[in-house]
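Colleague: Can you keep this structure in mind? I'll have questions shortly.
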Amino acid sequence: MKPLQLSMKAFGAFAEECRIDFTPFDKSGIYLITGETGAGKTTIFDAICYALYGTASGDVRDPKQFRSQYADPKQITCVELRFSCGNKQYLVNRTPPYLRAALRGSGMVEQKAEAELWEILPDKTAEKKEVICSGAQAVTDKVVELTGMDGKQFRQIVMIAQGEFRKFLLSSSVEKGKILRQLFHTQNCDKIQQILKERLDQQRAHVREQETQMLTLLHQASPAGEKQAELYEARLNFSGMAAAEELCDMLKASAAELSEQAASQSEQVQEQQKAIESLLQEIEQGRQHNAVLKQLRQAEQEQQKGAVQLELCEAAAKKADADAEKVPELQEQVTLLQHSLPKYEEVAVLQAAESALQMKRKTQELACAQAKLYWEQTNASCQRLSKELEVHVDSAVDCANLKHAIEKDTQRQQSVRQLQDLMTEQQKAQKELERRSQRAQQAETWYFSEEKPAYDRTERQFFQSMAGNLARKLEENEPCPVCGSREHPRPALYTEDTVTEEQFQKAKERQQNALQQMEEHKKSLTQQEERCKMLEQQVQQQLVHCGLDETAGSAAVQQLAADLQAAITQNNRLLKERKEQLSAQQQKQQMLAKQQAELPRLQAAYESSHAQLEQLTQELAVKTAEREQCQAGLPYASLSLAKKQLEQKQSTIRQLEQAQQQAAQKWQQQKEQVSSQQKLVQHLRETVKDKPAYDLQTAEQTLEQKRSEKERTEKRCRQSSQQAQQCKAIAGEVQKRYRSWESEARQGNTLEKLYQMMTGTLKKGERISFERYVQTYYFNRVLQFANQKLYQLSNGRYQFRRRQEETAHNISSGLNLDVLDQYTGKSRSVETLSGGETFLASLALALGLSDTVQQQSGGIQLNAMFIDEGFGSLDSTALDNAVQVLQQLSDHQRTIGIISHVSELAERFEAQLQVEKSENGSHVICHYE
């Protein structure tokens, strides 16, 4: 990382924009930053550190205090740094929090901290920038990522700020470890350690899971015998995995014993099955015997029922024979009714004709009534329309009168609206007249009470003090403009009350301006008065035109406008009504003419319909007499009733004959059924041979007992067999898993020892973490380079030594420092060095750290270093050594900036940044070789 260009605006001691180009210092390598105390030398380092990390170069200064006290309230405070990192260039801009003038209105508002980071893209034609990120924290995080250092580490390594020389040198082992972690990326050791920890945790979990699975399997098994089971459970609960092999042997022995028990129990089950099958055959035979007995009892009951049913069938057959004797009489009635059917058919034809005439007469009667109704209604409508037309004769005249009245009132209404507009404009003009009158009065009062008296006083004082003004301009050996003398022994005195010509001219100018404003206000007032008079005349003329008095007010005008609007509304309503009446009258006239033309046709239609009705009445009377004559002597009123009676009698004959036949058939069938039942009863009695019923319930209970005994024996056999298989299977599975578990456990122990070694938690050996071990390696390399510098700086007296004997022996030790004093040949703590020696040691350590970091592949390049004070504590020899070392370090890629008040350094280095302060803020003058 290397700063290239720095720009500061209203920052610290610099009020105006200050730009510093560091690139010309690459030629000299070392440059000096000088200036008076408080000029702002350290502010330059603050600006660089704040631009990168948002913090000052020291812990004392707060970024909120970076706002320049010399800056204008509206001036922006910001820093901008262009720097290189690797092969790329970047531009960062930051604004600290401060109070600034509000953009709108007055007062002060808080400006929040802002930041933005760009990458400078290479381009031959023009420089281009690409935004990387914005926001204070986002920019800080990105800069840390680019440089590989945070702000604190940057200050300790690159920017050795005032008051912080000894921090890195005297920092604890833990603090040094944090810095080395960022510089050499030893956080990867933590990642390796974390991966190993995850692997160890997984291995432990896997081993515990295997143990849990094997113990679960062992708990699922139980040997045969109560004592064996108790012994097995005790060993399992007490010893666990330690007794796994012994428990497996117990399970195998128990499996063999249980297999023998299962074979014996299987033979017992076979014998019980034979006894059950014999009993089942006996029960089946007894069930069949009981079924025959039951069938016999049912057959005897059916035989008794059949005898009773036979008697009933015989009685029914005799009754059916008696009913069948009525059939000849019914047959004779059917024959007579069949012969009279033609007569009924003739009557039916006459009835149909009569019904048709009746329907036709009813239809004609309705038509005649409707024709009469139409004729009478049309006649009444003609009379009504004639009367209505006589009433509304003058509607057209009324419409014309109303239109004329509406037009006249509308014209008056427009005149009234013009009058109202003029009166409104008159009121506004009157208000404007009052406002202009007030302003003219104020301007006149101000002129005569303030400006003119002030001008008169200034004029009097000016003429009174002219002698003092002339005396003030007199010079030795120059002639007086009044008397011409070149000697001026007693010139007029110049007092504080003396008025200069410039003051007099300004007072005169103010007086002329006030007078001009007063005249302008008066002119404006006169113009407004004339406009008010003109509007008043126009209003009076319009009042007369509207038929009002010249003195009428706005209330009278408003009342007139309201009356006109009401009259127009009323006339429009009446006009609408008259138009509707006129339209209705025209429609009625058309309807009357149409109905009067229709009346003769309706009267003729009614008379024709009435004649047809009379003719149909006569025809109906003739047809009714003919039908009554034909129907005389017939027992039934119509053909349908005669046919219905015929069907009923024929149906009765068929039912009687069918009932007689069915009763005879059922009697014969019942005789045959009774005979069959007698034969079945005789056969069943011969089959049972008076043998009693079989006790089926007792036999089934005995069968259930035998089956239960067999099931219990089978269950014991299955349990013995399953338990034997379970013991054998679990013993085999546990032995198989036990061998795998032993291998995994050995691997877990190896991982655990390795993890303890990396974390420094081994009980034996050096307790140091893996990351601290790697950091120690890098730190030793830093000390190698630092000792080269310290050897030169101390004239070969001191060498760094990493402290080997730690009292705590904890994992965070190993980075504490001692110095070997060649004068005594003994090592001692770096805290025992003097102030100058501490500065040289810090410088050597920082330079060694820079050389080491640049040789690593971590990506950090420290191409710049800043040293703030400390050289004042060195004697001349130490100063020569320090300068010689710094000159050796500087090259075309590394620059070293030094802040110092030591005059010898100012004489040694021509490349300088001179910071000069003034009443309006500081500025920088750059001197390049």
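Note that the sequence shown covers residues 9 to 937 in my numbering.
The C-beta atom is built at its ideal place from N, Cα and C for all residues, glycine as well.
In this text, all values refer to a predicted model and were calculated from it rather than measured experimentally.
#1: Helix, strand or coil: which one does DSSP assign to PRO11?
#2: For ALA629, does the count of other Cβ atoms within 10 angstroms reach 16, so buried, or fall short, so exposed?
#3: Tell me the DSSP secondary structure of GLU25 in three-state form.
#4: Would you call the CB atoms of LEU533 and ALA408 closer than 7 Å?
#5: Run through the DSSP bridge pairs and tell me what CYS141 is partnered with.
#6: What residues are listed by DSSP as bridge partners for GLY43?
#7: By alpha-carbon positions, which one of CYS540, GLU396, HIS553, GLU458 ends up nearest to GLN593?
#8: How is MET873 classed by DSSP in three states: helix, strand or coil?
#9: Between the Cα of GLN727 and those of SER230, LEU551, ASP149, spot the shortest distance and give me the residue it belongs to.
#10: Identify, in the order they occur along the chain, each residue of the same chain with its Cβ nearer than 7 Å to the Cβ of GLU940, setting aside the five sequence neighbours on each side.
#11: I need the DSSP call for CYS93, collapsed to helix, strand or coil.
#12: Rounded to a whole number of angstroms, what is the C-alpha to C-alpha distance between GLY756 and GLU254?
#13: Once you ignore the five residues that flank LEU177 on each side, which residues in its own chain have a CB closer than 8 Å to its CB?
#14: Starting from PHE808, follow its DSSP beta bridges and name the residues at the other end.
#15: For CYS488, name the three-state secondary structure that DSSP assigns.
#16: Measuring only between beta-carbons, confirm whether GLN378 sits less than 7 Å from chain D.
#17: Let me know the secondary structure DSSP gives THR194 once reduced to three states.
#18: Can GLN545 and GLU558 be called in contact, C-beta distance under 7 Å?
#19: Given ASP329, which residues of its chain have a CB within under 7 Å of its CB, disregarding the five upstream and five downstream residues?
#20: Examine the Cβ distances between the segment 55-69 and the segment 99-107 and report whether three or more of them are shorter than 8 Å.
#21: May I ask you to list the residues that DSSP assigns as paired with GLN119?
#22: What number of angstroms, rounded off, separates the C-alpha of GLY46 from the C-alpha of GLU924?
#23: Measuring alpha carbon to alpha carbon, tell me which residue in LEU590, LEU338, GLN97 is nearest GLN658.
#24: Go to VAL507, then tell me how far its alpha helix (DSSP H) extends in each direction, as first and last residue.
#25: Select from LEU556, PHE246, LEU624 the residue whose C-alpha is nearest the C-alpha of SER423.
#26: Going by the CB atoms, is the gap between ILE907 and LYS160 shorter than 7 Å?
#27: Under the three-state reduction of DSSP, which class applies to VAL494: helix, strand or coil?
#28: Around the C-beta of ASN245, are 16 or more other C-beta atoms found within 10 angstroms, so that it is buried, or is it exposed?
#29: Got a sec, what are the start and stop residues for the alpha helix (DSSP H) VAL300 sits in?
#30: If you count every other CB in all the chains shown that lies within 10 Å of the CB of GLN731, and 16 or more means buried, which is it?
#31: Just to confirm, is the Cβ distance from GLU153 to SER142 under 7 Å?
#32: Nearest to LEU572 by CA position, among LYS596, GLN421, LYS687, is which residue?
#33: Along the chain, where does the alpha helix (DSSP H) that runs through GLY905 open and close?
#34: Under DSSP, the alpha helix (DSSP H) around LYS834 begins and ends at which residues?
#35: Flag this pair as yes or no: are the beta carbons of LEU208 and TYR763 separated by less than 7 Å?
#36: For VAL932, report the span of its beta strand (DSSP E) as first-last.
Modeller: Looking at the coordinates:
#1: DSSP places PRO11 in strand when its eight states are reduced to three.
#2: Result: exposed.
#3: Reduced to three states, the DSSP call for GLU25 is coil.
#4: No; because the gap between Cβ atoms is not below 7 Å, this pair is not in contact.
#5: Per DSSP, LEU125.
#6: VAL923.
#7: Selected option, being the one with the closest Cα: GLU396.
#8: Per DSSP, reduced to three states, the secondary structure at MET873 is strand.
#9: For GLN727, the nearest C-alpha among the options comes from SER230.
#10: Because the chain in this structure spans residues 9 to 937, residue 940 falls outside the shown range and cannot be described.
#11: Looking at CYS93 - three-state DSSP - the assignment turns out to be strand.
#12: Approximately 25 Å between the Cα atoms of the pair.
#13: Same-chain partners within the cutoff: LEU825, VAL838, THR846, ALA849, SER850, LEU853.
#14: DSSP lists VAL827 as partners of PHE808.
#15: Three-state DSSP puts CYS488 in coil, outside helix and strand.
#16: The chain labelled as chain D is not found in the depicted structure, where only one protein chain is given.
#17: In the three-state scheme derived from DSSP, where H, G and I count as helix and E and B as strand, THR194 is classed as coil.
#18: By the CB criterion at 7 Å, GLN545 and GLU558 fall outside the cutoff.
#19: In the same chain as ASP329, and ignoring 5 residues on each side of it, the C-beta atoms closer than 7 Å to its own belong to GLN668, in chain order.
#20: Yes, since at least three Cβ pairs between the segment 55-69 and the segment 99-107 fall closer than 8 Å, the two stretches touch.
#21: Note: GLN119 is bridge-paired with TYR106 in the DSSP secondary-structure output.
#22: Taking C-alpha positions only, GLY46 is separated from GLU924 by approximately 10 Å.
#23: Nearest of LEU590, LEU338, GLN97 to GLN658, Cα basis: LEU338.
#24: According to the DSSP assignment, VAL507 belongs to no alpha helix (DSSP H), since it is labelled neither H nor E.
#25: When only C-alpha atoms are compared, the closest one is LEU556.
#26: The answer is no: Cβ separation not under 7 Å.
#27: It should be pointed out that residue 494 corresponds to Arg in this sequence rather than to Val. Coil.
#28: Result: exposed.
#29: Taken as a continuous stretch (DSSP letters only), the alpha helix (DSSP H) holding VAL300 covers 252-331.
#30: Looking at its Cβ environment, which holds 16 or more other Cβ atoms inside 10 Å, GLN731 is buried.
#31: In this structure, SER142 does not lie closer than 7 Å to GLU153 by Cβ.
#32: Of the listed residues, the one whose Cα sits closest to LEU572 is GLN421.
#33: Not the alpha helix (DSSP H): GLY905 falls in the beta strand (DSSP E), residues 903-907.
#34: LYS834 -> not in any alpha helix (DSSP H); beta strand (DSSP E) instead, spanning 834-837.
#35: Pairing LEU208 with TYR763 gives a Cβ-Cβ distance under 7 Å.
#36: Element bounds for VAL932: 931-935.
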